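Residue numbers for the sequence shown, in full-length UniProt numbering: 3 to 288. By construction, the Cβ of each residue, glycine as well, lies at the ideal position given by its N, Cα and C atoms. Owing to the predicted nature of the structure, the values given are computational and were not obtained by experimental measurement. Encoded as structure tokens, the structure appears first; notes follow it.
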Amino acid sequence: DYLTGQPASHKRKRQYRIGRHLGAGGFGEVKQATSLETGDEVAIKIIPKAKISDIPTQVTRQNSLATLVHPHIVHLREWFESRDKFYLVFELAAGGELYEHLIDVGRFGEEEAREVTYALVDAVAYLASRGVVHRDLKPENVLYRSPPGQNGAGHDDCVVSDFGLAVEIKPDQKLHVIAGSAGYSAPEMYSSDGYGFPADCWSLGVITFAMMGGRFPYRATIPTQIAEEARTTELYFPRTWEGVSEEAKDFIRKLLVVDPDHRMTAAEALHHPWLLAAKSRPASPD
Ligand code: ADP
Ligand code: MG
């Protein structure tokens, strides 16, 4: 099975040999492929245009995603289109979803969680500096480049993926359209005030809690009720958290602040003692 893209704007012909199915979701299918030009293994997300309500916005999103370059953001190598589909060619992240690894082990130890969190916070700080709100941060959309725990691979070789809901905004611009996934979306998304960059930081707080706690931080499952619970009850760390450091809990509490104006930003989170402890860790001897 071969795939050829020839958009009018590019004279170069690109060919990929399509391989196995990697994943599917709301917007189409992701397949592994081999670039016949470079021999590289890639992941191609195939999006039927019929599923996209606003094609120009999608094109802007794809062009802007292609300019994002960060060690913890999945790299969009190129994209092209046919009459009825978009083809997004990403670097292959072959190590599986954070979600799958978390389900496998139940919960992560503090060190593993810290490695993932540092990578995600670094990525989100970069996104904010570029004016991008991801809006769908969750363990399903964090991918490992290689399976953690195998051949010495750590938990830090992971990337933020799935920019299907990402938008570029101005520093003080507010968004009002509800987007994202129940359980991870910020309370202000359901208020009339609108939301912006801090919404991604709330999701980071939920992910960090979920990694070490093995469950969501709130009992409610409906977004408006989660928002209500977050507003009215103090964040509770059950007994399974007994061995976890106070710094880790403080880090999560500062992200799961209901008022987005008082929530820790990603840039601030990078300097939180919990993450700084990771940086000062001695390199593993080899
Ligand atoms: P959706 O918008 O449908 O959720 P995603 O971009 O999240 O689409 O892709 C769906 C799934 O496909 C991911 O959860 C992941 O398992 C797999 N996938 C996506 N991108 C890659 C990639 N670059 N490398 C490997 N697998 C990927
Ligand atoms: Mg996804």
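Closer than 6 Å: is that where the CB of residue i sits relative to any heavy atom of the ligand MG?
{"i": "glycine 27", "result": "yes"}
{"i": "glutamate 102", "result": "no"}
{"i": "glutamate 142", "result": "yes"}
What are the partner residues of residue i, as DSSP defines its beta bridges?
{"i": "lysine 33", "result": "His23 and Ile46"}
{"i": "phenylalanine 92", "result": "Ala45 and Leu78"}
{"i": "lysine 87", "result": "Pro50"}
{"i": "valine 161", "result": "Leu145"}
{"i": "tyrosine 197", "result": "Leu177"}
{"i": "residue 2", "result": "For the chain, the structure presents residues 3 to 288; residue 2 sits outside this window and is missing."}
Check whether the Cβ atoms of residue i and residue j sit closer than 7 Å, and answer yes or no.
{"i": "valine 135", "j": "isoleucine 75", "result": "no"}
{"i": "arginine 146", "j": "glycine 98", "result": "Looking at the sequence itself, residue 146 is tyrosine, so the reference to arginine does not match. Against a cut-off of 7 Å, the Cβ pair of glycine 98 and tyrosine 146 comes out as a contact."}
{"i": "leucine 78", "j": "alanine 45", "result": "no"}
{"i": "tyrosine 186", "j": "valine 208", "result": "yes"}
{"i": "arginine 132", "j": "proline 200", "result": "no"}
{"i": "aspartate 202", "j": "leucine 100", "result": "no"}
{"i": "leucine 237", "j": "arginine 255", "result": "yes"}
{"i": "phenylalanine 110", "j": "methionine 213", "result": "yes"}
{"i": "threonine 36", "j": "arginine 19", "result": "yes"}
{"i": "glycine 30", "j": "isoleucine 49", "result": "yes"}
{"i": "proline 189", "j": "alanine 229", "result": "yes"}
Does the ligand ADP have a heavy atom nearer than 6 Å to the CB of residue i?
{"i": "glycine 166", "result": "yes"}
{"i": "phenylalanine 88", "result": "no"}
{"i": "valine 91", "result": "no"}
{"i": "leucine 67", "result": "no"}
{"i": "alanine 45", "result": "yes"}
{"i": "residue 289", "result": "Beyond the ends of the chain as shown, which are 3 and 288, falls residue 289; an answer cannot be given."}
{"i": "arginine 94", "result": "It is worth fixing the name first, because residue 94 is leucine in this sequence and not arginine. Answer for leucine 94: yes, Cβ within range of the ligand ADP."}
{"i": "glutamate 80", "result": "no"}
{"i": "valine 61", "result": "no"}
{"i": "serine 187", "result": "no"}
{"i": "glutamate 231", "result": "no"}
{"i": "valine 32", "result": "yes"}
Which stretch, first to last residue, makes up the alpha helix (DSSP H) that contains residue i?
{"i": "valine 61", "result": "57-68"}
{"i": "tyrosine 120", "result": "112-131"}
{"i": "phenylalanine 218", "result": "That residue, phenylalanine 218, is in no alpha helix (DSSP H); it is neither H nor E in DSSP."}
{"i": "proline 189", "result": "Counting along the chain, proline 189 falls outside any alpha helix (DSSP H), and DSSP gives it neither H nor E."}
{"i": "tyrosine 101", "result": "100-107"}
{"i": "glutamine 227", "result": "225-234"}
Check for me: the beta strand (DSSP E) holding residue i runs from which residue to which?
{"i": "leucine 145", "result": "144-146"}
{"i": "residue 350", "result": "In the structure displayed, the chain extends from 3 to 288; residue 350 sits before or after that span and is not available."}
Self-check item: Stretch-stretch touch, CB-based, cutoff 8 Å, three pairs: the stretch 104-120 with the stretch 150-164
Solution: yes
Quiz item: Is the stretch 58-69 touching the stretch 136-145 in the sense that three or more CB pairs, one from each, lie closer than 8 Å?
Solution: no
Quiz item: Would the stretch 233-253 and the stretch 169-181 be scored as touching if the rule is three or more Cβ pairs under 8 Å?
Solution: no
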